[in-house]
Amino acid sequence: MDLVTPGLGLVFWSVITFLVLLFILRKFAWNPILGAVSEREEGIKNALASAENARKEMENLQADNERILKEARAEREAMLKEARDMKNKMIADAREEAQVQANNMIAQAQAAIESEKKSAMAELKKQVANLSVEIAEKVVRAELSNKDKQMTLVESMLGDAKLN
Amino acid sequence: MQKLLFANSFYVCTFAPNLTKGIFNKKIMAFNPLKHFFLLVLFSAYSLTVSAINNKEANEGERFDPKEMIMHHVKDAYGMHILTLNEGKENEKHITIPLPVILWTDNGLTIFSSSEFHHDYDGKVVVEKNGKKFVNFHEKIYQLNDGATALKFDEEHHPLNAEKPLDFSVTRNVFMMWVSVIVLLLIFITAARKYKNNDSKIPKGIAGFVEPLVLFVRDEIAKPMIGEHKYKRFMPYLLTIFFFIWINNIFGLIPILNGANLSGNIAFTMTMALFTFVITTFSGNKNYWKHIFWMPGVPVPMKIFLMPIEIVGMFVKPVSLMIRLFANITAGHIIVLALMSLIFIFETVWVSPVSVLFSLFITVIEIVVTAIQAYIFTILSALYFGMATEEEHH
């Protein structure tokens, strides 16, 4: 029976010893150890979260890059198209202008030809007149030995000339 | 006769130091354990055989009483007896660490050394101190009544003319408890220091050994049993009780310390259970008391029926804690000692291999039990705290 009868002395010393042990260990062991452990766990958690953030940021950046690249490509495309259009337009314009100019030149040339023809005609008339006059003079000189005949002839000739 | 602990000591010299060293030095753990065990068995068998033969020669005619021997080992004692030299001879010599005997008598506080009894625990040596006469009878100190000069017994060998004074002696259990406290403080304060000058908070040295155990108590015991939000308050108690019980369980297995069987002593387990009971009771919230006195969710007659059961349950919980630890540790010790006693009961050395092998087997199991019982005590304490602080849920 002695075995299962708690002795007062051991209970007394157990209580005191355990309380002292509890308080010393709590102050100098458990709190520092648990504090350090939870601090570390917190640190790991934070590090993981920031790594995740960095990854997300990286993803965003990559998406941004992609977008920018796409935009640039589209812009280039647009620019090329514009240039092509402009080129075509310029060619068309130039062609049109050349046409107009050519037409003008043709018209001018035609006008010049016309005027040249006219002046040539006038010259020709003048030459013909001069020749005619000379011929007439010669004829007249030969024919007109008297004054009367001369006068008649001049008059008729003048009338003829007017008819011209 | 009863000094087969002589052999027992040899057994431990080889085994127990490795056990404790293993905690501090991982390199030793790398040793081949099988080889170790084999050597141990051989050595134990040899030393036991020699011891048994010597015993037989020395104590011819004296009957071996296994019950007395076992009880002497399992129970508390006033001195730390290490071993006996030249047993049964003229120059018999006991090697003992004397411990103070502290008594509260009618004449006030009386303190003297346990060595004054000269290793007598049959009540023969009378020590006179402070006007009173004391004897040590079966490791209990009796104060002789006035006028008596020697202890007298009735037919059942109970003391007749003496009474027990209030006894606050530093017995071998108290002494070993203090040794365990010093060891615990050394281990854990050293470990805690490792974190201090360490910015990365990486456990180094002994902290690497301590931290997984602390985390085990936190993550496997406190958190699941008490809950994520409230466990912090109970952590110091749970950690202290876990390691205190564990180390004392281990110390109880070291026979060179003459089996200071602290955690197999009902006074110690009662104290620990009492702490758990007090903490449970004082941290009990409204919900906890409601579940005891007026169980919600059942009809009124059932509430009245459950109330006494719950009230009894409140006290049964710590009592079960107390008995479980005490019985497990004491049973292990008794089995080992009983197996050893077989040699002396049969009075033949041929039993010794059987005894040694079986007690080795039991001791190995006991090493596991040291941790398991500490774990069970702690997890049940945590469970009770969890029940006491549980919030009402629908």
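Chains A and B, in that order, give the protein sequences. Residue numbering for the first sequence follows numbering that gives the first Met the number 0, beginning at 0 and increasing consecutively. Residue numbering for the second sequence follows numbering that gives the first Met the number 0, beginning at 0 and increasing consecutively. By construction, the Cβ of each residue, glycine as well, lies at the ideal position given by its N, Cα and C atoms.
For residue 180 of chain B, the C-beta contacts it makes with chain A under 8 Å involve 16, 19, 20, in order along the chain. DSSP places residue 120 of chain B in the coil class of the three-state scheme, outside both helix and strand. Contact of residue 1 of chain A with chain B by beta-carbon distance below 8 Å involves 70, 74, 137, 139. Residue range 299 to 345 is occupied by the alpha helix (DSSP H) that includes residue 314 of chain B. Taking a contact to require three or more Cβ pairs closer than 8 Å, the region 10 to 25 of chain A and the region 211 to 219 of chain B do not qualify as touching. Distances from the alpha-carbon of residue 386 of chain B to those of B:238, B:276, B:69 put B:276 closest. Interface flag for residue 194 of chain B against chain A is set, since a Cβ pair is found closer than 8 Å. Here DSSP, grouped into helix, strand and coil, assigns residue 168 of chain B to coil. Annotated three-state conformation of residue 77 of chain B is coil, per DSSP. Judged by pairs of C-beta atoms under 8 Å, the region 366 to 384 of chain B does not touch the region 341 to 354 of chain B, as fewer than three such pairs exist. Distance from the CA of residue 129 of chain A to the CA of residue 114 of chain A, rounded to the nearest whole angstrom, comes to 22 Å. Residue 239 of chain B is positioned such that its CB atom lies no closer than 8 Å to that of residue 33 of chain A.
When C-beta atoms of the region 257 to 271 of chain B are compared with those of the region 37 to 52 of chain A, fewer than three pairs fall below 8 Å, so the two segments do not count as touching. For residue 48 of chain A, the nearest beta carbon of chain B is not closer than 8 Å to its own beta carbon. Under the 10 Å beta carbon count, residue 88 of chain B is surrounded by fewer than 16 other beta carbons and is classified as exposed.
Residue 124 of chain B is not a Cβ neighbour of residue 136 of chain B, given a cutoff of 8 Å. For residue 75 of chain B, same chain residues with a beta-carbon under 7 Å away, outside a window of 5 residues either side, are 138, 170, 171, 172, 264 in chain order. Residue 235 of chain B reaches chain A at 21, 24, 25, 29, 30, counting residues in chain order whose Cβ is nearer than 8 Å. Runs of beta strand (DSSP E) with 3 or more residues, each lying fully within the region 100 to 148 of chain B, are found at 107 to 112, 126 to 128, 131 to 136, 139 to 143, listed in chain order. Interface flag for residue 238 of chain B against chain A is set, since a Cβ pair is found closer than 8 Å. In chain order, 302, 305 place their CB closer than 6 Å to the CB of residue 294 of chain B, counting only its own chain and leaving out the 5 sequence neighbours on each side. Distance from the CA of residue 93 of chain B to the CA of residue 126 of chain B, rounded to the nearest whole angstrom, comes to 19 Å. Chain order gives the chain A residues near residue 166 of chain B as 6, 7, 8, where near means a beta carbon separation below 8 Å.
Neighbours of residue 209 of chain B across chain A, judged by C-beta separation under 9 Å: 28, 32. About 4 Å separates the CB atoms of residue 175 of chain B and residue 259 of chain B; that is less than 8 Å, so the two are in contact. Looking at the backbone, the Cα of residue 161 of chain B and that of residue 330 of chain B are separated by about 32 Å. For residue 94 of chain B, no alpha helix (DSSP H) run applies; the uninterrupted beta strand (DSSP E) run containing it begins and ends at 92 to 96, by DSSP. At a C-beta separation below 8 Å, residue 269 of chain B has these neighbours in chain A: 5, 10. Look at the region 259 to 299 of chain B and you find these whole runs of alpha helix (DSSP H), each 4 residues long or longer: 265 to 282, 285 to 292. Boundaries cannot be given for residue 159 of chain B, as no alpha helix (DSSP H) includes it and DSSP labels it neither H nor E. Chain-ordered, the chain A residues with CB closer than 9 Å to the CB of residue 177 of chain B read 12, 16. Counted as a single uninterrupted DSSP element, the alpha helix (DSSP H) harbouring residue 382 of chain B occupies residues 351 to 388. For residue 27 of chain A, there is no enclosing alpha helix (DSSP H), as DSSP gives it neither H nor E.
With 16 or more neighbouring CB atoms inside 10 Å of its own CB, residue 191 of chain B falls in the buried class. Sequence-ordered contacts of the region 248 to 265 of chain B with chain A read 264, 265 [C-beta pairs closer than 7 Å].
Interface residue (Cβ-Cβ distance to chain B less than 8 Å): residue 35 of chain A is classified as such.
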